[in-house]
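Chains as they are written, first to last, in numbering that gives the first Met the number 0: chain A, 0 to 199; chain B, 0 to 199.
Glycine residues also receive a C-beta, built at the ideal position from the N, C-alpha and C atoms.
Number of protein chains: 2
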Amino acid sequence: MAYRETAKTRAKADERRTRIEQAARHVIARGGIAAASIASVAREAGCSSGLIYTYYSSRDELLRVVFARAAGHELAVVEAAVESASNAADIVDSVVEVFVRRAVTGRTLAYALLLEAVPESVQIERMALRRGYVAAIASGIEGRYQTTTSAEVAARALVGSIAENLVDVLDPAKEPPSVSAVEALITELSVFARTAIGEQ
Amino acid sequence: MAYRETAKTRAKADERRTRIEQAARHVIARGGIAAASIASVAREAGCSSGLIYTYYSSRDELLRVVFARAAGHELAVVEAAVESASNAADIVDSVVEVFVRRAVTGRTLAYALLLEAVPESVQIERMALRRGYVAAIASGIEGRYQTTTSAEVAARALVGSIAENLVDVLDPAKEPPSVSAVEALITELSVFARTAIGEQ
DNA sequence: TAAACAATTGAAACACAATTCAATTCTTTG
DNA sequence: CAAAGAATTGAATTGTGTTTCAATTGTTTA
Chain A
0 MAYRETAKTR AKADERRTRI EQAARHVIAR GGIAAASIAS VAREAGCSSG LIYTYYSSRD
60 ELLRVVFARA AGHELAVVEA AVESASNAAD IVDSVVEVFV RRAVTGRTLA YALLLEAVPE
120 SVQIERMALR RGYVAAIASG IEGRYQTTTS AEVAARALVG SIAENLVDVL DPAKEPPSVS
180 AVEALITELS VFARTAIGEQ
Chain B
0 MAYRETAKTR AKADERRTRI EQAARHVIAR GGIAAASIAS VAREAGCSSG LIYTYYSSRD
60 ELLRVVFARA AGHELAVVEA AVESASNAAD IVDSVVEVFV RRAVTGRTLA YALLLEAVPE
120 SVQIERMALR RGYVAAIASG IEGRYQTTTS AEVAARALVG SIAENLVDVL DPAKEPPSVS
180 AVEALITELS VFARTAIGEQ
């Protein structure tokens with residue numbers, strides 16, 4: 000008699016949802032959160048503005064979901080780096096390297112994840128990402144090395160040290176850094192971090 | 000024949016301007032940049048919204064001026080702490096102590112200065128503040144102590160370490176930290192920072 | 001194919017603060 | 001005091017982007 004929801008229908012809806020999230024991610028990676036208006040995400044996704052509201056209750060909600068997914072991905076990379084390292088010095092080296100290289104490669108996304116002005120709901124996800132980084136590093140350091148201070152303070156300090164040294168590098172108003180500048184930064188941050196946790 | 004600008008007039012205008020900036024500072028200290036709408040600053044200053052545009056070309060400009068002044072004050076305090084210290088370990092100790100205590104005492108202002116989402120023009124002032132902190136610390140470290148890494152990277156890392164460890168402390172959604180938690184944080188950050196620069 | 005209803009559109013409505021400006025109030029000077 | 005003009009008001013306007021929803025298009029079933 001009539002149209003009813005079916006597997007095919009649901010699959011198509013899922014695809015649409017995915018397409019919208021991908022579009023939002025692309026727009027953010029290109030121009031930051033500021034560029035991710037409903038209209039521009041819709042344009043990128045090839046749909047109308049209205050349709051986005053079939054999948055998300057508001058712009059903030061869409062941004063929150065997309066941000067959380069991107070953050071989860073970044074965190075997983077850092078967690079993997081921590082896990083594959085064999086001692087505290089290795090951990091901080093890997094974290095510095097992975098963090099800086101990924102930030103430089105995906106400048107605008109990194110800027111959005113770390114520094115850009117974001118709506119409240121997204122800020123909450125950003126805090127969660129930072130807590131995730133800290134937890135990953137702290138757990139890595141804690142088991143294997145007796146630091147002079149609490150692993151949590153040290154882990155936070157490491158995250159802060161890296162992030163602060165990326166501020167200029169990620170500044171959208173500035174030119175991207177040269178390869179040699181990036182290498183130099185990685186080296187110096189590694190030395191600093193190893194010293195900071197009392198290794199070598 | 001007519002009314003013309005005079006010393007008294009100018010003095011009154013200056014007073015007005017000062018009153019508006021004070022009002023803006025109060026509003027920000029109470030509720031952050033987000034709370035500093037033109038209407039609420041006007042209410043606090045006891046004048047109309049329109050009058051603010053006699054003194055500032057836009058809300059962003061007002062915020063920029065007020066932020067820059069507050070930032071300058073904070074920076075001067077840190078610079079004084081650096082100058083009064085006699086060696087690298089003293090410098091980092093003083094900076095940690097002054098930074099953390101002031102942040103905790105003026106939580107909302109510190110949040111605005113360091114972490115809150117701000118308009119572009121204010122973000123530029125924030126960057127200047129951070130560069131100021133880095134320069135002050137770096138110059139202090141550089142002359143008196145041979146660090147393992149460049150003084151600039153170390154100074155940035157120190158600023159980042161402190162700021163990151165303040166994130167939870169300053170979160171407006173959270174309770175202010177207990178006195179003992181603040182003391183513990185200062186101690187731990189000091190130990191971390193001294194270790195980081197290679198001093199005991 | 002027709003009926004039933006879901007998916008999609010996109011222009012209009014809305015929200016919300018910044019900003020403007022005609023009208024009013026205040027100050028100064030001769 | 002009256003005229004000139006500056007200071008001030010605050011309601012109306014503007015700008016910008018989100019959100020809605022009546023109308024349209026697409027899909028499914030009998």
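Proximal residues of chain B, C-beta to C-beta of residue i below 7 Å
i, result
"residue 160 of chain A", "156, 159, 160"
Contact check, residue i vs residue j, beta carbons under 8 Å
i, j, result
"residue 165 of chain B", "residue 69 of chain B", "no"
"residue 74 of chain B", "residue 131 of chain B", "yes"
"residue 136 of chain A", "residue 81 of chain A", "yes"
"residue 27 of chain B", "residue 95 of chain B", "no"
"residue 153 of chain B", "residue 195 of chain B", "yes"
"residue 87 of chain A", "residue 198 of chain A", "yes"
"residue 10 of chain B", "residue 44 of chain B", "no"
"residue 163 of chain B", "residue 150 of chain B", "no"
"residue 193 of chain A", "residue 99 of chain A", "no"
"residue 129 of chain B", "residue 97 of chain B", "no"
"residue 148 of chain B", "residue 30 of chain B", "no"
"residue 24 of chain B", "residue 65 of chain B", "yes"
"residue 176 of chain A", "residue 110 of chain A", "no"
"residue 67 of chain B", "residue 124 of chain B", "yes"
"residue 32 of chain B", "residue 61 of chain B", "no"
"residue 156 of chain A", "residue 191 of chain B", "yes"
"residue 139 of chain A", "residue 79 of chain A", "no"
Interface partners of residue i on chain A, CB under 8 Å
i, result
"residue 129 of chain B", "163, 166"
"residue 191 of chain B", "147, 148, 152, 153, 156, 195"
Run of the alpha helix (DSSP H) containing residue i, from where it starts to where it stops
i, result
"residue 65 of chain B", "58-83"
"residue 14 of chain B", "6-30"
"residue 39 of chain A", "37-44"
"residue 106 of chain A", "106-113"
"residue 160 of chain B", "150-169"
"residue 49 of chain A", "48-54"
"residue 193 of chain A", "178-195"
Cross-chain neighbours of residue i in chain B, by beta carbon under 9 Å
i, result
"residue 188 of chain A", "148, 152, 156"
Per-residue contacts from residue i into chain A (C-beta, under 9 Å)
i, result
"residue 116 of chain B", "115, 116, 117, 118, 119, 122"
Closer than 7 Å: residue i CB and nearest the ligand ATP heavy atom
i, result
"residue 105 of chain B", "The model on display carries no ligand, and the ligand ATP is accordingly not part of it."
inquiry  = Between the stretch 29-37 of chain B and the stretch 48-63 of chain B, can you find at least three pairs of beta-carbon atoms closer than 8 Å?
reply    = Look at the beta carbons and you see the stretch 48-63 of chain B touching the stretch 29-37 of chain B: at least three pairs across the two are nearer than 8 Å.
ask   = Taking three-plus beta-carbon pairs below 8 Å as touching, is the stretch 115-129 of chain A in contact with the stretch 110-126 of chain B?
value = Between the stretch 115-129 of chain A and the stretch 110-126 of chain B there are three or more C-beta pairs closer than 8 Å, enough to call the two in contact.
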